[in-house]
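Participant:
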């Protein structure tokens, strides 16, 4: 890469790949996880997962606890789930591929509780 045009072209290719593999995920979250993986870090993220209406939230809660060890909170009549846990690209892909998931946002967990959403 020798100039800005090359960087933009490469970025566009990467962005297209991210949106193809993780269609339900905010691309910024995927990029953060790529940097974490390159740095060999396991960071905690707070996820906001939008769910299709009329899901069995108790079943989903048990599934999340089994996989992550953390209990999620449900809001907006069970269509929004928030949970903080260690996250990597493989787990994010698993969540992305669940049929009852509509969209996923996330931000690094902070003790103050602030997030990007």
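Residue numbers (the numbering used here): 12 to 128.
All C-beta atoms, glycine included, are put in the ideal place defined by N, C-alpha and C.
Keep in mind it's a predicted model, so treat the numbers as computed, not measured.
#1: Any idea which residues DSSP pairs residue 59 with across the strands?
#2: Using 8 Å as the threshold, is the C-beta distance between residue 57 and residue 13 below it?
#3: Looking only at its chain, what residues have a beta carbon closer than 6 Å to the beta carbon of residue 80, apart from the 5 residues adjacent to it on each side?
#4: What would DSSP say about residue 46, mapped onto helix, strand or coil?
#5: For residue 85, which three-state DSSP category applies?
#6: Please name the residue, chosen from 103, 108, 111, that lies closest to residue 118 on a Cα-to-Cα basis.
#7: If you follow the alpha helix (DSSP H) that residue 111 is in, where does it begin and where does it stop?
#8: Closer than 6 Å by C-beta to residue 29: which residues in its own chain qualify, once you throw out the five before and the five after it? Chain order, please.
Facilitator: Taking the coordinates as given:
#1: Working through the chain shown from its first residue, we reach residue 59 at position 48. 93, 116, per the DSSP bridge assignment.
#2: Looking up residue 57 in the chain shown gives position 46. Looking up residue 13 in the chain shown gives position 2. Taking 8 Å as the Cβ cut-off, residue 57 and residue 13 do not qualify as a contacting pair.
#3: Translated into the one-based positions of the chain shown, residue 80 becomes position 69. Contacts found: none.
#4: Counting from 1 along the chain shown, the entry for residue 46 is found at position 35. Residue 46 falls in the helix class under three-state DSSP.
#5: As a first step, residue 85 is located in the chain shown; it is residue number 74 there, counting from the start. In this structure, residue 85 counts as strand in the three-state DSSP scheme.
#6: Your numbering for residue 118 matches position 107 in the chain shown. Minimum Cα distance to residue 118 is reached at 103.
#7: Here residue 111 refers to the residue found at position 100 when the chain shown is read from its first residue. Unbroken run through residue 111: none, as it is neither H nor E.
#8: Position 18 of the chain shown, counted from the first residue, corresponds to residue 29. Taken in chain order, the residues that qualify are 38, 41.
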